[in-house]
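One structure is given below, encoded as structure tokens.
Numbering (the working numbering), first residue to last: 463 to 757.
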């Protein structure tokens with residue numbers, strides 16, 4: 463990485479310039495001085511997980527944090543509702559076609575009081591969600607998939623999406639109880655890769671796993687069970703179109719999900735370690751299944 467800094471991480475304003483609100487090239491910038499201003503209601507109490515999970519999906523929105531994530535959401539075709547920016551960083555959006563979405567700018571103090579945290583990346587945006595595809599649609603063009611049961615930790619979910627995007631997985635399927643991939647922390651941890659990997663909810667659960675099998679996939683249940691097959695010893699036919707099935711941190715897969723799989727698979731451990739974090743296990747397993755893929 464060296465000394466180079468990404469555009470998302472640097473303050474674009476020249477040293478000594480006044481910190482006041484400046485004009486975006488295409489749209490006016492609206493200054494916000496009151497953290498309770500209704501125009502920025504989308505961004506209120508972003509650290510309150512319970513409130514946000516009740517608010518965002520029913521209102522058809524999600525929040526992107528940081529310039530890199532914001533730009534990836536735009537490239538993926540998500541329509542912006544609005545932007546909320548540290549007044550000192552407004553020039554970071556100067557090259558964007560913000561369309562009809564208003565751009566709001568505020569001081570760090572106002573941002574912190576409105577959102578509930580120090581917005582050190584300086585850029586937030588509210589986007590409209592798109593309708594989720596069906597599991598069948600997601601699987602139609604997939605060669606390899608990851609299926610998650612009860613993964614409700616947003617950090618783990620974001621890390622999993624980043625891993626599957628990097629390691630050649632084509633689709634992610636989520637049990638109904640999994641966390642929201644578009645929750646702010648999941649999006650941020652994934653570095654916006656949640657926008658790059660098609661995903662869907664798989665219902666009913668776990669009976670829906672039969673649909674995965676009918677689409678030509680072998681369902682590989684990840685487990686530390688002693689009778690599981692070491693992942694590197696899978697037969698070619700089992701690896702050909704694999705759907706990795708992983709459960710929540712600690713609890714692992716339910717008995718019903720395990721029974722609905724084709725093969726039990728384990729990543730061999732050493733030094734008495736029982737298992738890896740679910741995101742780490744996903745990354746290792748995805749790499750192993752794709753190690754012979756052409757680069």
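We put the CB at the ideal spot given by N, CA and C, even for glycine.
- Counting other Cβ atoms within 10 Å of its Cβ, residue 750 reaches 16 or more and is therefore classed as buried.
- Distances from the CA of residue 672 to each of 704, 633, 600, 722 were compared; the closest alpha carbon is that of 722.
- 8 Å or more divides the Cβ of residue 706 from the Cβ of residue 662.
- The continuous beta strand (DSSP E) containing residue 635 extends over residues 633-636.
- Straight-line spacing of the CA atoms in residue 578 and residue 512 works out to 14 Å.
- In the structure shown, the three-state DSSP call for residue 548 is strand.
- Taking all protein chains shown into account, residue 637 has 16 or more neighbouring C-beta atoms within 10 Å of its C-beta and is therefore buried.
- Non-local C-beta neighbours of residue 628 in its own chain, meaning closer than 7 Å and more than five positions away in sequence, are absent.
- If you draw a straight line from the Cα of residue 546 to the Cα of residue 519, it is about 20 Å long.
- Judged by DSSP secondary structure, residue 684 falls within the beta strand (DSSP E) whose first and last residues are 680-684.
- Judged by DSSP secondary structure, residue 568 falls within the beta strand (DSSP E) whose first and last residues are 565-568.
- Fully enclosed alpha helix (DSSP H) runs of no fewer than 4 residues occupy 616-628, 646-651, 671-676 of the segment 611-678, in order along the chain.
- When the alpha-carbon of residue 522 is set against those of 745, 649, 632, 591, the nearest one is in 591.
- Non-local beta-carbon contacts of residue 648 in its own chain, meaning distances under 6 Å to residues more than five positions away in sequence, involve 616, 619, 620 in chain order.
- In the same chain as residue 735, and ignoring 5 residues on each side of it, no C-beta atom comes closer than 7 Å to its own.
- By the Cβ neighbour-count rule, residue 653 is buried, with 16 or more other Cβ atoms within 10 Å of its own.
- Judged by DSSP secondary structure, residue 527 falls outside any alpha helix (DSSP H) and instead within the beta strand (DSSP E) spanning 523-527.
- Taken atom to atom, the span from the alpha-carbon of residue 731 to that of residue 538 is near 38 Å.
- With contacts defined by Cβ atoms closer than 8 Å, residue 678 and residue 597 do not form a contacting pair.
- C-alpha of residue 551 to C-alpha of residue 558: approximately 13 Å in a straight line.
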